[in-house]
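Participant:
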Amino acid sequence: MKIGAFRNGNLTGFKVWAPLRKNIELYVVHPHEILIPLEKDSGGYWSVVLDDLPETIRYYYRLDNDRDR
5 MKIGAFRNGN LTGFKVWAPL RKNIELYVVH PHEILIPLEK DSGGYWSVVL
55 DDLPETIRYY YRLDNDRDR
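According to our numbering, the sequence shown holds residues 5 to 73 in order.
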């Protein structure tokens, strides 16, 4: 999986490298608000793949429960 956000058909993936973070969530703010946790792998990469997200979403990454980026 690439770093950043990508689409492949109906799937949308998100991946970031943040080995020192304890928690990262995808904070979708449009078309509705939702927090989606990313999973950390052994190399310090956090990722999630979601099905059927609209192409027009707006999102941030929430780092350690309090910092939106």
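Note that beta-carbon positions come from the ideal geometry of N, C-alpha and C, so glycine has one too.
1. So is Arg66 buried or exposed if we call it buried at 16+ other beta carbons inside 10 Å?
2. Which one of Ile40, Gly47, Asp70 and Ser46 has the shortest CA to CA distance from Phe18?
3. Do you know offhand how far Glu29's Cα is from Asn69's?
4. Tell me which residues share the same chain as Ile38 and place their Cβ nearer than 6 angstroms to its Cβ, disregarding the 5 neighbours each side in the sequence.
5. Could you check where the beta strand (DSSP E) with Arg66 kicks off and where it finishes?
Facilitator: To lay it out plainly:
1. buried
2. Ile40
3. 8 angstroms
4. Val32
5. Arg62 to Leu67
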